[in-house]
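Q: This structure is in C-alpha cells; I'll ask about it shortly.
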Amino acid sequence: MKAAAFAYARATSVVNALELLAAHGDKAKVLSGGQSLMPAMNLRLLSPDILVDIGGLAELRGIAVRGDVLVVGALTRHVDLLGSPEIALHAPLLRDAVAHVAHPAIRNRGTIGGSLAHADPASELPACVLALDATIVVRGPAGERRIAATEFFKGIYETALSPDELLVAVEVPVAGQGVAFFFQEYARRHGDYAIVGLAACAVVAAGSFSDLRLGFFAVGDRPVLAAAAGKLINASVTPALLAEATAALADELDPQEDQQATAAMRRHLAAVLLRRCAAALLARPELEKGATR
Amino acid sequence: MSAPVSVSLLVNGEPIDAVVLPRLNLADFIREHLKLTGTHVGCEHGVCGACTVRVDGEIVRSCLMLTVQAQGASVETIEGLSDSGEIADLQAAFRERNALQCGYCTPGMLMTAQDLLKHVSMPDRPAIREHLSGNYCRCTGYQAIVDAVEATARTRAERRA
Ligand SMILES: Cc1cc2nc3c(=O)[nH]c(=O)nc-3n(C[C@H](O)[C@H](O)[C@H](O)COP(=O)(O)OP(=O)(O)OC[C@H]3O[C@@H](n4cnc5c(N)ncnc54)[C@H](O)[C@@H]3O)c2cc1C
Ligand code: FES
Ligand code: FES
C-alpha cells in the first residue's frame, strides 16, 4: 500500500526540529532513515499529519571519542557502525550486532537513533545499549535529558521519549581492560528480526566474571538486562552453577508466542545462548553443553 | 497541509525538477513520473528488494524513501546502470545461467549484486547470499543467481589480473 497524505517539513537544525515538534505535538513524527517509519506508514499502521525530516542534520551524524566515552550521533547509520574504526576499537559489540540488522540497502539508511526510538523488542541495538550501560541523550523544549539505557525502553515500540523530544546521541563507555563481548542471535534468515538474541558485555579476570551484563532481545515486550547474570559474577562458573543461572533466566523471562516461536522455545534458546556466551567469554567450550540434570 | 513540495535531483545523470506530494515515494516517482519502469515495486514495505536503486552511490529501497528526501541527491536506476554498460557482464552472466525467469526481481538483484562486487572483489558464496539476503526471488531458487554473481566476480578478477 501507499502512505496516506501528510505534510513534510525539512528541519534546518535541531532547534528548528524541536520547534516543529512543539508546534504539532503528537500529530508529528520524526523521520530519520525511514526504514521503520515508512513501512508502518505504507501499511497504514501510522498516518501522522506531518513528518519532520531530520535526515539532513549533519550535526547529529558521526562518531567521536570524548575521554572515556564514545559519542554516537543519532543519525549515524547502521552502515557507519559497521565500518567505523572507533566502534571496532571501543565498542565492537555494536559492529557485531549491526551486521545482523536487516540487509545492506536498509543498513545504508537506517540509523541508531531511529532504531532505539522505534524500540522494537526484537531489535539488536536496544539490547546492545543495555549491555553496554549506555546513556541516551535526548533534547526537548526544556533542554537536554540524559537517560540510562536501562530506563529508556518501556514496552513494545514505547520509550521514555515524549513526542516533543529528539533523541540526539548515544553515549557508550569506552571498553576498558579485560572487557569482552558476545553477540549471537537465532533468526530464520540472515538479516531477519531475531527469534531470540543475546548481546553481552563482560569483564573477565582470572577465569571468572567480575562483571557480566546480558542484554536479551525478542524475549518480551522490551530488551531485558537479565538479573540471572548476577549468579555468575565473582563465582567459579561450574556447569552446575551455569544450570542454576539458566534456570533463573527461564523464570525471569516472559517471552511472547508468535508465528516464529513458542514461549517455551524462546526460553530454551535463551538458555542455549547463555551457555554459549559463558563458554565463549571464559574460553571453556565444555560449558556450552550444560550440566546433565 | 500536505502541499506539494518542489524537488531537484539527478536521475541517471540527468537533472530533474519536479513538484511532488510528500507521500510520493521514490519508486513511484521513478516509475510513474519518469516512466523508468525497470525499478519494480513488490511489497512496498522494504522486504522484497525489487525496488532497489542507488542514491549517491549506495543502494537503498526506493519504496522506503520519499521523493522529497532525494532533494539534491544523485539517483541511479537499473536503466542507468544498464545503458552505461557498467553491468553488461553481470547481465550476460544472468542470461547465460538462467538466473532469471519472470524477471520481476532481476533489476533489484542486479543492483544489489553490483553493489557487492563494487565493495568486495572476490566474494565467496556465503557472502553473495548474505548480500542478496534482502532480495526475494520467487522463481529461480537463488542457486543460479549466486552462480551468475560468482562467475562475474571471477571474470572481473581475471580481467584485473
Ligand atoms: C525489511 C527490513 C528488515 C529489518 N530488519 C531489522 C532487524 O533485523 N533488526 C533491526 O533492529 N531492525 C531492522 N529493521 C529496521 C531498521 O533497523 C531501521 O533502520 C530502524 O529500526 C529505524 O531506524 P530509522 O533511522 O530508519 O528510523 P525511522 O524509520 O526514520 O524512525 C523510526 C521511529 O523512530 C522515530 N525516530 C527516529 N529518529 C528519531 C530521533 N532521532 N528522535 C526521536 N524519534 C526518532 C520515528 O518518529 C519513528 O517513530 C528492518 C527494516 C526493514 C525494512
Ligand atoms: S517494493 Fe521496496 S522492498 Fe519491496
Ligand atoms: S525471476 Fe521471478 S522473482 Fe526472480
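Taken in sequence, the protein lines are chains A and B.
Sequential numbering of the first sequence, starting at 10, is according to our numbering.
Sequential numbering of the second sequence, starting at 77, is according to our numbering.
C-beta atoms are modelled at their ideal positions from N, C-alpha and C, and glycine is treated no differently.
Bear in mind the structure is a predicted one, so any value in this text is a computation, not a measurement.
Are Ala73 (chain A) and Leu91 (chain A) touching if we call contact CB-CB under 8 Å?
A: No.
Q: Listed from N- to C-terminal order along the chain, which residues in the stretch 185-219 of chain A have their beta-carbon within a distance smaller than 9 Å of any beta-carbon of chain B?
A: Going along the stretch 185-219 of chain A in chain order, one finds Arg198, His199, Gly200 and Asp201 with a Cβ nearer than 9 Å to chain B.
Q: State yes or no: is the beta carbon of Leu97 (chain B) nearer than 8 Å to at least one beta carbon in chain A?
A: It does; some Cβ of chain A falls within 8 Å.
Q: Can you find a heavy atom of ligand 2 that lies under 7 Å from the Cβ of Cys215 (chain B)?
A: Cys215 (chain B): no, Cβ never under 7 Å from ligand 2.
Q: Based on Cα-Cα distance, which residue from B:Asn174, B:Thr182, B:Ala237 and B:Asp191 lies nearest to Asp223 (chain B)?
A: The option with the nearest alpha carbon to Asp223 (chain B) is B:Asn174.
Q: In whole angstroms, give me the CA-to-CA distance for Arg99 (chain B) and Glu226 (chain B).
A: Looking at the two C-alpha atoms, the distance is approximately 39 Å.
Q: Does any C-beta atom of chain B lie closer than 8 Å to the C-beta of Gln44 (chain A)?
A: So yes, Gln44 (chain A) belongs to the interface.
Q: Bridge partners for Arg130 (chain B) per DSSP, in chain order?
A: Answer is B:Ile135 and B:Glu152.
Q: Are the CB atoms of Leu250 (chain A) and Leu241 (chain A) within a distance shorter than 8 Å?
A: Contact flag set, yes.
Q: If you count every other CB in all the chains shown that lies within 10 Å of the CB of Asn243 (chain A), and 16 or more means buried, which is it?
A: Asn243 (chain A) is exposed by the Cβ-count criterion.
Q: For a quick check, are the C-beta atoms of Leu102 (chain A) and Ala237 (chain A) less than 8 Å apart?
A: Not a contact, by the Cβ cut-off of 8 Å.
Q: I'd like to check one pair, His33 (chain A) with Ile63 (chain A): are the Cβ atoms closer than 8 Å?
A: Contact: no.
Q: If the cut-off is 8 Å on Cβ atoms, which residues from the stretch 138-157 of chain B count as contacting chain D, listed in chain order?
A: Any reference to chain D falls outside this structure, whose protein chains are A and B.
Q: So, Val23 (chain A) versus Leu40 (chain A), is the Cβ gap smaller than 8 Å?
A: Contact: no.
Q: To which residues does DSSP link Asp93 (chain B) through a beta bridge?
A: According to DSSP, which records beta bridges pairwise, Asp93 (chain B) is partnered with B:Ser84.
Q: If Ala83 (chain A) sits next to Thr120 (chain A), beta carbons under 8 Å apart, how far is it from one beta carbon to the other, in whole angstroms?
A: Indeed, because the Cβ distance is near 6 Å, the residues count as touching under 8 Å.
Q: Would Leu98 (chain A) be called buried (16 or more neighbouring beta carbons within 10 Å of its own) or exposed?
A: Burial call: exposed.
Q: Gly123 (chain A) to Asp260 (chain A), Cα distance in whole Å?
A: The straight-line gap from Cα to Cα measures roughly 31 Å.
Q: Put Lys163 (chain A) into one of helix, strand or coil per three-state DSSP.
A: Note: Lys163 (chain A) maps to strand in three-state DSSP.
Q: Near Leu52 (chain A), what residues of its chain come up, given a Cβ to Cβ distance below 8 Å and the 5 sequence neighbours on each side ignored?
A: Around Leu52 (chain A): Met10.
Q: May I ask you to list, following chain order, the residues of the stretch 206-234 of chain B that have a beta carbon less than 7 Å from some beta carbon of chain A?
A: Listed in sequence order: Glu206, His207, Ser209 and Gly210.
Q: Would you call the CB atoms of Ala287 (chain A) and Phe226 (chain A) closer than 8 Å?
A: Contact flag unset, no.
Q: Taking Cβ to Cβ, would you say Gly210 (chain B) is nearer than 8 Å to Gly125 (chain B)?
A: Cβ distance < 8 Å, so Gly210 (chain B) and Gly125 (chain B) count as in contact.
Q: Using CA coordinates, which residue listed in B:Ser138, B:Gln147, B:Leu176 and B:Thr228 is at the minimum distance from Asp200 (chain B)?
A: The shortest Cα separation from Asp200 (chain B) among B:Ser138, B:Gln147, B:Leu176 and B:Thr228 belongs to B:Thr228.
Q: Between Gly122 (chain B) and chain A, is the shortest Cβ-Cβ distance under 8 Å, so that the two count as touching?
A: Answer yes: the Cβ-Cβ gap between Gly122 (chain B) and chain A drops below 8 Å somewhere.
Q: Whole-angstrom Cβ separation of Gly114 (chain B) and Ile154 (chain B), contact assumed at under 8 Å?
A: Yes, Gly114 (chain B) and Ile154 (chain B) are in contact; Cβ-Cβ is about 4 Å, under 8 Å.
Q: Going by C-alpha distance, which of B:Gly122, B:Leu112 and B:Ser160 is nearest Tyr212 (chain B)?
A: Of the candidates B:Gly122, B:Leu112 and B:Ser160, the one whose C-alpha sits nearest the C-alpha of Tyr212 (chain B) is B:Gly122.
Q: Shortest alpha-carbon distance to Val148 (chain B) belongs to which of B:Leu86, B:Val117 and B:Arg232?
A: Note on identity: in this sequence residue 148 (chain B) is Gly, with Val being the wrong assignment. The candidate whose alpha carbon is nearest that of Gly148 (chain B) is B:Leu86.
Q: Please work out which residues of its chain come closer than 8 Å, Cβ to Cβ, to Pro172 (chain A), disregarding the five sequence neighbours upstream and downstream, and give them in chain order.
A: Correct list, in chain order: Leu30, Gly34, Asp35 and Ala37.
Q: Closer than 7 Å to a non-hydrogen atom of ligand 3 - does that hold for the CB of Gly179 (chain B)?
A: Yes - ligand 3 has a heavy atom lying nearer than 7 Å to the Cβ of Gly179 (chain B).
Q: For a quick check, are the C-beta atoms of Val181 (chain A) and Leu79 (chain A) less than 8 Å apart?
A: Going by C-beta atoms, Val181 (chain A) is nearer than 8 Å to Leu79 (chain A).
Q: Taking contact to mean 3 or more Cβ pairs, one atom from each stretch, closer than 8 Å, check whether the stretch 277-286 of chain A and the stretch 199-214 of chain A are in contact.
A: A contact exists between the stretch 277-286 of chain A and the stretch 199-214 of chain A.
Q: For the stretch 100-133 of chain A, enumerate the residues whose C-beta is nearer than 8 Å to any C-beta of chain B, in chain order.
A: Answer in chain order: Ala111, His112, Pro113, Ala114, Ile115, Asn117 and Arg118.
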